[in-house]
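>
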Amino acid sequence: MAVMRCLIGLAVAAAINAVPAAAQRPGDAIAGLWMNPYNSVAVRAGDCGPKLCGWVAWANAEAKSDAREEGVDPLIGVALLQDYQPSNAKNWSGTIFVPDLGRHFSSTITLLDRDRLKVKGCLIGGFICKSQVWRRIEHLPDA
3 MAVMRCLIGL AVAAAINAVP AAAQRPGDAI AGLWMNPYNS VAVRAGDCGP KLCGWVAWAN
63 AEAKSDAREE GVDPLIGVAL LQDYQPSNAK NWSGTIFVPD LGRHFSSTIT LLDRDRLKVK
123 GCLIGGFICK SQVWRRIEHL PDA
């Protein structure tokens, strides 16, 4: 009986290890902490149901003040990246909220490499766009 349990355990382990890396959730590569290019806001990206979202995890005093002027207070915890769905392995489409403007824009995010994420927001059907490259960080800055 012990041999049978051992064989079943090995079969289960082999089946789990046989699952390809591509079977991971699409947002796994983006999950984690990201800092904007101005070092003023850090976003924690992760799953929100079957989609990908990102919430403000840290912000400097100026970013908090700018958001407060648009009625967003507190800024920490606000969903900036909303309802992103994968277009392919490195691109997602969704909505970005810009707190200091108090507006939502259609958006795409592109994983440039493991540590760089291009975030693009557009208005007027994609004719006017702005993009930033965010960098992955391991820890939030000191408060």
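Read left to right, the sequence shown gives residues 3 to 145 (my numbering).
Where is the CB? At the ideal position from N, CA and C, for every residue including glycine.
Considering only their Cβ atoms, is the gap separating A31 from L114 smaller than 8 angstroms?
For L114 and A31, no; Cβs fall outside 8 angstroms.
> Mind checking which residues open and close the alpha helix (DSSP H) that includes A69?
Per DSSP, A69 belongs to the alpha helix (DSSP H) from 63-71.
> Taking the straight line between their C-alpha atoms, what separation do you get for V45 and G127?
26 angstroms
> With distance defined between alpha-carbon atoms, name the residue in L103, D117, E140, V80 nearest to G123.
Of L103, D117, E140, V80, the residue nearest in Cα terms is L103.
> Is L142 buried or exposed, if buried means 16 or more other CB atoms sit within 10 Å of its CB?
Exposed is the label assigned to L142, since fewer than 16 other Cβ atoms lie within 10 Å of its Cβ.
> For F99, collect the residues of the same chain with a Cβ closer than 6 angstroms to its Cβ; drop the 5 residues on either side in sequence, then sort them by chain order.
L82, H106
> Tell me the DSSP bridge mates of S89?
For S89, which the question treats as bridged, DSSP gives no partner whatsoever.
> Find the nearest neighbour of N62 within the set Q84, M37, L54, judged by alpha-carbon distance.
M37
> Closest by CA to V80, which one among Y86, S42, Q134, P101?
Answer by Cα proximity: P101.
> Across which residues does DSSP place S42 in a beta bridge pair?
DSSP output for S42 lists no bridge partner at all.
> Kindly identify the DSSP beta-bridge partner or partners of D49.
L54
> Does G34 get closer than 8 angstroms to chain C when you measure Cβ to Cβ?
Protein chain content of the structure displayed is limited to a single chain, and chain C is not contained in it.
> Counting only the same chain and skipping the five closest in sequence on each side, list residues whose C-beta sits under 7 angstroms from that of K92.
Excluding the 5 residues flanking it on each side, K92 has same chain C-beta neighbours closer than 7 angstroms at T112, L113, in chain order.
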